[in-house]
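Reading through the structure tokens given below for one structure.
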Amino acid sequence: MATGIGKSARSSPDYDVLVIGGGPAGLSAALQLGRSLRNVLICDNDEPRNGPAAEAHGYLTRDGISPEEFRRLGHEEVASYGGEFRDVRVTNVEKDGSGFTSMLDGDETITSRKIVLATGISDEFPEIDGFEELWGNGVHHCPYCHGYEVRDQPLGVLVNNQHTIEYAKLIYNLSEDLVVFTDGQETLGEATRSAFTERGIEIENEPIRAFNGSSDSLESISLEDGREIARHAFFYPPPMKQHSKLAEQLGLKVTEIGLIEVGQSEHGVGFTSIDGLFVAGDASNASAPSIPSAVADGNVVGATVNLELSQEAFENS
Ligand SMILES: Cc1cc2nc3c(=O)[nH]c(=O)nc-3n(C[C@H](O)[C@H](O)[C@H](O)COP(=O)(O)OP(=O)(O)OC[C@H]3O[C@@H](n4cnc5c(N)ncnc54)[C@H](O)[C@@H]3O)c2cc1C
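Below, the structure written as structure tokens:
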């Protein structure tokens, strides 16, 4: 692998494809590309979104696998087709002729014909003691990922806007022993309050002071007025933002909820306003935020990139 400042993607690039982000989406794209005889570099700075969780659920044949084991297996499969890995953050990407020059932490540069941006999203936590510590293990965002394991237990859910009212119904499906916490927000109308209380759902309006528990489970929730409510798990979908600054640096269009807008055509998916630069997985507005969706999206984006490379090589042959 040739590297060094001042290189240009106009000469022969270092790689066919630089995949930025080695989570489920990036690994899946890299697998598809490796099996299509492309030389691929995956740069990943090892901050997976589901890193705090002990187990990952809902991926057929791998239900309950740990996030680390999932990535280890993905690395192994991608490496078996020649995929290379670097444990490093990509700090800058620039269009350079028909290809790209990307800068890594430490100022090394890499050139590639194409880029797959699979950098994921990060969740923004409320400033409540214990929330971050218990995130993924007692405090959850996704009833599909971690709901079954806490079914029929005493649960809590934060309802602080219209969207979370519907979300609370998903949690009620898991357990009828449910407390709705509004954290001091006046968001529940009279009709919603009655609908909840008629079903035996308690409503707690007092602001939350802290989440208490051990590293792998919630025990109780402390309120500002000094009371403590015993709960086994708490659900709350935090707002999200792009994990990396690359979308902003590249001037890519980002939706109101923080996802990169991508396009599709009869030739594939994951297209952006920059020719040759594709987005896959959670970072994209075309993929649902889950491992199976990220893998599926990465797979199709990988195939789309390979088709473009094949068409270009065919034209030049
Ligand atoms: C606590 C928690 C538990 C979850 N549990 C489940 C579950 O059980 N089942 C399920 O289906 N989904 C689950 N999810 C959702 C799941 O984690 C995501 O949908 C999935 O990881 C998305 O994959 P991705 O490859 O798009 O992004 P990620 O997995 O987030 O991977 C992105 C990678 O890109 C890297 N990266 C970012 N910027 C750069 C950069 N500039 N340079 C180099 N590398 C970079 C990051 O370090 C990261 O490794 C969970 C999410 C959370 C928050």
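For the sequence shown, the numbering used here begins at 1 and goes up steadily by one. Positions of the beta carbon are idealized from the N, C-alpha and C atoms, including for glycine.
- Three-state secondary structure (DSSP) at Lys114? The residue labelled residue 114 in the question sits at position 114 within the sequence shown. The answer is strand: DSSP assigns Lys114 an E or B state.
- Message: If I measure Cβ to Cβ from Glu228 and keep anything under 6 Å in the same chain, skipping five residues before and after, which residues do I get?
- Response: Taking the sequence shown and counting its residues from 1, one reaches residue 228 at position 228. The residues are Ser220 and Ser222.
- Along the chain, where does the beta strand (DSSP E) that runs through Lys95 open and close? In the sequence shown, the residue the question calls residue 95 occupies position 95. Its beta strand (DSSP E) spans residues Val90 to Asp96.
- Message: Using a 10 Å radius around the Cβ and a threshold of 16 neighbouring Cβ atoms, would you call Thr109 buried or exposed?
- Response: Taking the first residue of the sequence shown as 1, we reach residue 109 at position 109. Result: buried.
- Tyr59 CB to nearest heavy atom of ligand 1 below 7 Å: If you number the sequence shown from 1, residue 59 lands on position 59. Tyr59: yes, Cβ under 7 Å from ligand 1.
- Task: Flag Asn285 as yes when its Cβ comes closer than 7 Å to any non-hydrogen atom of ligand 1, and as no otherwise.
- Result: The count along the sequence shown starts at 1 and reaches residue 285 at position 285. No - ligand 1 has no heavy atom lying nearer than 7 Å to the Cβ of Asn285.
- Query: If you check the beta carbons only, do Leu134 and Gly26 fall under 8 Å apart?
  - Reply: Your numbering for residue 134 matches position 134 in the sequence shown. Your numbering for residue 26 matches position 26 in the sequence shown. Not in contact: Leu134 and Gly26 (Cβ atoms no closer than 8 Å).
- Query: Quick one: what's got a C-beta closer than 7 Å to Ser265's C-beta in the same chain, skipping five residues either side?
  - Reply: As a working note, residue 265 is residue 265 in the sequence shown. Closer than 7 Å at Cβ, skipping near neighbours: Phe271.
- Task: Identify, in the order they occur along the chain, each residue of the same chain with its Cβ nearer than 7 Å to the Cβ of Asp105, setting aside the five sequence neighbours on each side.
- Result: The sequence position of residue 105 within the sequence shown is 105, counting from 1. Within the same chain, Asp105 has close Cβ partners Val88, Arg89 and Thr91.
- Item | Separation of Ser217 from Glu176, as counted between CA atoms | As a first step, residue 176 is located in the sequence shown; it is residue number 176 there, counting from the start. As a first step, residue 217 is located in the sequence shown; it is residue number 217 there, counting from the start. Computed Cα separation, rounded: 20 Å.
- Residue from Asn173, Tyr167, Val159 and Asn161 whose Cα sits closest to the Cα of Gln153: By one-based count along the sequence shown, residue 153 stands at place 153. Comparing Cα positions, the closest option is Asn173.
- How big is the Cα-Cα spacing for Glu132 and Gly189? Indexing the sequence shown from 1 puts residue 132 at position 132. Indexing the sequence shown from 1 puts residue 189 at position 189. Cα to Cα, Glu132 sits roughly 30 Å from Gly189.
- Skipping 5 residues on each side, what residues in its chain have a beta carbon closer than 7 Å to that of Asn205? Translated into the one-based positions of the sequence shown, residue 205 becomes position 205. Contacts found: Thr182 and Gly184.
- Message: Here's a check: name, in chain order, each residue in its chain whose Cβ is nearer than 6 Å to the Cβ of Phe234, leaving out the five neighbours to either side.
- Response: As a working note, residue 234 is residue 234 in the sequence shown. Val139, Gly156 and Leu218, listed in sequence order.
- Query: Among residues of its own chain, excluding the 5 on either side of Asn306, which ones have a beta-carbon nearer than 8 Å to its beta-carbon?
  - Reply: Within the sequence shown, residue 306 is the residue found at index 306, counting from 1. Excluding positions up to five away in sequence, the list reads Gln32, Leu33, Ser36 and Arg38.
- Message: Which complete alpha helix (DSSP H) runs does the region 231-314 hold, if anything under 4 residues is left out?
- Response: 246-250
- If we count Cβ pairs, one from each stretch, closer than 8 Å, do we get three or more for the region 112-127 versus the region 62-74? no
- Item | Counted within 10 angstroms of its Cβ, other Cβ atoms place Ser317 as buried (16 or more) or exposed | Position 317 of the sequence shown, counted from the start, is the residue given in the question as residue 317. Ser317 should be labelled exposed.
- Message: Mapping the DSSP letters down to three states, classify Gly74 as helix, strand or coil.
- Response: Working through the sequence shown from its first residue, we reach residue 74 at position 74. In this structure, Gly74 counts as helix in the three-state DSSP scheme.
- From Thr187 to Thr164, what distance separates their C-alpha atoms? Here residue 187 is taken as the residue at index 187 of the sequence shown, counted from 1. Here residue 164 is taken as the residue at index 164 of the sequence shown, counted from 1. C-alpha separation (whole angstroms): 10 Å.
- Bridge partner(s) assigned by DSSP for Val318: Here the chain has residues from 1 to 317 only, and residue 318 is not among them.
- Item | C-alpha gap between Gly147 and Ile291, whole angstroms | Taking the first residue of the sequence shown as position 1, residue 147 is located at position 147. Taking the first residue of the sequence shown as position 1, residue 291 is located at position 291. About 16 Å.
- Message: Going by the DSSP bridge assignment, what does Phe211 pair with across the sheet?
- Response: Along the sequence shown, read from residue 1 onward, the residue named residue 211 stands at position 211. Partner(s): Ile221.
- Between Leu252 and Val93, is the Cβ-Cβ spacing less than 8 Å? In the sequence shown, residue 252 corresponds to position 252, counting from 1. In the sequence shown, residue 93 corresponds to position 93, counting from 1. No, the pair does not count as a contact, with Cβ atoms beyond the cut-off.
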